[in-house]
Structure formats: structure tokens, C-alpha cells
Amino acid sequence: MSLAINARFLTQKMSGVQRFAREITQALLATGRPIRLLAPPDAPETFAGHPVTRLGRRGGQAWEQFDLPGAVGADHLLNLGNTAPLRLGRRQTVVIHDAGVFDTPESYSLPFRAWYRALHWALPRRGTRIVTVSEFSRARLALHLKLPAARIGVVAEGGEHALRDAAETGVLARTGLQPGRFVLAVGTRAAHKNLDALRDGVALLASRGMKLAVAGAADAGVFRNAGDVDAALALGRVSDAELRALYENALGLIFPSRYEGFGLPPLEAMWCGCPVLAAAAGAVPEVCGEAALWFDAEGPRTPAAALTRLLDEPLLAGQLRQAGRARAAQFSWPAAAERLLALLEHR
89 MSLAINARFL TQKMSGVQRF AREITQALLA TGRPIRLLAP PDAPETFAGH PVTRLGRRGG
149 QAWEQFDLPG AVGADHLLNL GNTAPLRLGR RQTVVIHDAG VFDTPESYSL PFRAWYRALH
209 WALPRRGTRI VTVSEFSRAR LALHLKLPAA RIGVVAEGGE HALRDAAETG VLARTGLQPG
269 RFVLAVGTRA AHKNLDALRD GVALLASRGM KLAVAGAADA GVFRNAGDVD AALALGRVSD
329 AELRALYENA LGLIFPSRYE GFGLPPLEAM WCGCPVLAAA AGAVPEVCGE AALWFDAEGP
389 RTPAAALTRL LDEPLLAGQL RQAGRARAAQ FSWPAAAERL LALLEHR
């Protein structure tokens with residue numbers, strides 16, 4: 089089967105979905121299979137040393153729905169970022185990362201939510217193959233899209249990209265963070281990321297002379313009503329090299345999200361030897377297994393209680409680092425690419 093990849097992700101800002109698309113595309117290209125990369129006109133000319141076919145005059149969803157289909161030819165189109173052209177029907181596969189527009193509607197604008205719901209409902213009914221990134225997401229998509237779970241393939245993500253760039257430790261000096269004297273959170277202000285659950289943790293860390301550093305889209309309202317606002321440091325968007333340095337120098341990663349289709353930051357942290365404290369919600373338990381210290385997204389086991397254990401039990405951080413590295417080794421992008429190719433070959 090000849091393959092074309094919808095490379096619209098090359099024109100988008102990096103998020104977990106774009107990370108998946110970039111990394112698995114690179115791993116697929118490394119297999120040596122003939123693959124065409126089809127992208128909007130503002131995409132780069134090459135990706136990972138391979139030429140990119142730039143076509144059409146539109147951008148965004150309009151490019152995907154109207155310009156892309158005519159360029160696919162006899163190839164099977166692989167769409168990696170939740171959306172796909174409706175008119176290609178069974179001649180394509182789409183990776184839908186989660187059922188968030190159904191399960192956590194408060195996290196999305198009304199137009200976005202309406203479009204994604206309509207698109208995700210229509211694609212399998214036109215014969216498009218659906219793939220997702222966890223068993224959790226498979227179950228949720230099957231429920232909302234009224235599909236047998238067997239019709240949805242699962243391809244787990246990788247995390248070794250976190251070690252690709254050398255750690256840029258200048259981020260510590262620039263932000264005033266000291267190794268081992270801060271806890272890291274990675275996420276945005278989207279409702280399901282549940283960052284407000286860390287308010288008590290901010291005060292706890294401040295009482296120990298430590299900080300909570302938040303990497304992600306900057307928002308002056310983060311922890312506005314927390315006990316000691318100065319103890320929460322909003323880092324904004326950071327580079328991959330800076331994020332590695334943060335993972336490697338943090339006392340731990342705290343991840344309170346109440347809904348994740350996969351949960352990439354905990355996996356990245358484990359690859360970097362960073363202890364993980366996480367809410368037992370969504371697909372994160374599926375990713376971390378027994379290698380994380382768990383708390384409730386909404387319940388009696390609080391993030392502050394988990395932080396207290398990390399601070400007060402001298403051996404716990406080392407145990408989590410060791411368990412995390414062993415768990416992370418089970419997830420890689422080459423393995424993900426091989427699994428995806430196997431699904432494509434057995435449509």
C-alpha cells in the first residue's frame with residue numbers, strides 16, 4: 089500500500105497532537121517506505137530530510153477539506169491530528185487522540201466543539217479507519233461514536249524525543265530555579281488540565297522554601313487565588329531543550345489533569361528520570377502503571393498529600409525515578425510506527 093501523510097501539522101504550533109504527528113512521521117520515514125508528505129503552501133520545503141509537497145492556496149481546515157483530497161491520488165492518506173477530509177471516505181485513516189469534545193466540552197469553544205463532534209461522527213460512517221492512542225480513548229470514542237471498539241485501532245505514543253536535545257540549563261538561571269528546589273507542572277489553562285487543584289500544593293511548597301514552576305502557555309490568571317501566588321512561577325512556552333533541563337532538575341513532575349487521551353508529559357518526565365506525581369484519571373494510569381505516585385483528580389487523596397510524601401520520604405524520589413525509567417522504556421516512536429503500519433496493512 090502506497091502512503092501519503094497529511095502534513096498540515098507542519099504549519100501548526102507544537103502541542104501534544106503535533107508532537108505525535110511529527111515524531112511518528114519521522115519514525116515512519118525512517119522505515120524506508122515510500123511516503124509522500126502533503127502540506128499547505130506555507131509549510132517548510134523539507135521535514136526530517138524528506139521533501140514536502142506543498143499544494144493549494146488555502147490553509148487550515150479549508151485546505152484539508154478542499155485542496156488536499158485531489159492530491160492524494162491512489163495513495164492511502166494518513167491523518168495524524170484528529171481531522172481528515174470527509175470526501176476521501178475509506179481511502180484514509182485518521183488518528184483521533186481522545187473524545188474530549190464529548191467528555192469535557194467546557195474545555196473548548198462552541199464552534200470548535202461543534203465541528204469536531206460532527207467530523208468525528210461522520211468520518212467512520214464514510215468508511216474512514218479510526219486509530220487512537222490509548223485503550224481509554226478507544227473506549228470513550230467507541231461510546232460516543234457508537235462504534236464497536238474493535239473498529240478502532242490503538243497506537244501508543246513514545247517519549248524518547250525528550251532526550252534528543254541537550255538540556256539547556258540556562259532556563260534555571262533565567263527563572264531563578266534551583267535544582268531539586270522546585271516541582272514542575274506542564275499544562276495549559278484548559279479546564280480539564282485541572283491546574284487549580286494545585287493551589288494547596290503551592291502553599292505547601294512555599295512553606296518549605298520551594299516553588300511550583302508551570303510550563304505551558306502563559307496566563308497571568310494561573311493560581312490567582314492560591315495561597316502564596318509568588319510561589320507559583322509561570323514559565324510560559326519553553327523549548328524542548330529547556331523542558332529537558334526542567335524535568336532533570338525538578339524534584340518531580342506534578343500532573344493533575346482529570347482527562348487525558350494519553351498523557352505525554354508524564355512519559356517525557358519518566359524518560360528524563362523525573363519522579364511523576366499524577367491524578368489517577370484518563371489514560372495516565374495506562375501510561376505510567378505502577379511508576380507514579382497517584383492522587384485523585386477530585387477526591388480525598390489530594391495533590392498536596394502526594395507532595396508531602398515526596399518531600400518527607402527520603403527514598404521515594406529515587407524509587408520513582410528507577411520505576412519511571414523502566415516503564416518509559418516500554419514506549420518508543422519506532423514501536424509506535426511499526427504498530428501503525430501493521431494496522432494500516434490489515435485494514
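Here the sequence shown stands for residues 89 to 435, where the numbers follow this note's numbering. C-beta: ideal position from N, C-alpha, C; glycine also. Here the structure is a predicted model, which is why all the values come from computation and not from measurement.
Residues of its chain near residue i, where Cβ-Cβ distance is below 7 Å and the 5 sequence neighbours each way are ignored
| i | result |
| --- | --- |
| Gly177 | Arg214, Gly215 and Thr216 |
| Thr257 | Ala333 |
| Gly208 | It should be noted that the sequence gives His, not Gly, for residue 208. These residues qualify, in order along the chain: Ile184 and Leu233. |
Under the three-state DSSP convention, the category residue i falls into
| i | result |
| --- | --- |
| Leu265 | coil |
| Thr220 | strand |
| Ile184 | coil |
| Leu321 | strand |
| Ala242 | For the sequence presented, residue 242 should be read as Val rather than Ala. In the structure shown, Val242 sits in a strand (DSSP, three-state: E or B). |
| Val196 | The sequence given here has Tyr at residue 196, not Val. Tyr196: coil per DSSP, three-state reduction. |
| Glu348 | coil |
| Phe190 | helix |
| Asn337 | helix |
| Arg121 | coil |
| Val290 | helix |
C-beta contact flag for residue i and residue j at 8 Å
| i | j | result |
| --- | --- | --- |
| Val81 | Phe343 | Past the boundaries of the shown model lies residue 81; the chain is included only from 89 to 435, so the question cannot be answered. |
| Leu339 | Gly246 | no |
| Ala301 | Thr276 | no |
| Arg409 | Pro354 | no |
| Ile93 | Leu166 | yes |
| Leu72 | Pro388 | Because the chain in this structure spans residues 89 to 435, residue 72 falls outside the shown range and cannot be described. |
Counterpart residues of residue i in DSSP-defined beta bridges
| i | result |
| --- | --- |
| Phe270 | Lys299 |
| Pro139 | Thr134 |
| Gly177 | Paired residue(s): none; Gly177 is not in a bridge. |
| Asn94 | Leu126 and Asn167 |
| Ser343 | The sequence shown places Phe at residue 343, rather than the Ser named in the question. For Phe343, which the question treats as bridged, DSSP gives the partners Ala366. |
| Leu381 | Leu365 |
Residue range of the unbroken alpha helix (DSSP H) whose run includes residue i
| i | result |
| --- | --- |
| His232 | Glu223 to Leu233 |
| Glu374 | Val372 to Cys376 |
| Gln114 | Gly104 to Leu117 |
| Val160 | Pro157 to Val160 |
| Thr396 | Pro391 to Asp400 |
| Arg409 | Leu404 to Ala416 |
Cβ neighbours of residue i in the same chain (closer than 6 Å, five flanking residues each side left out)
| i | result |
| --- | --- |
| Thr99 | Pro128, Asp130 and Ala131 |
| Arg142 | Ala127, Pro129 and Ala131 |
| Glu330 | Glu256 and Val259 |
| Ala278 | Ser195 |
| Ala136 | Gln114 and Leu117 |
Cβ-based neighbour list, residue i, same chain, cut-off 8 Å, excluding 5 preceding and 5 following
| i | result |
| --- | --- |
| Leu429 | Leu116, Thr119 and Arg121 |
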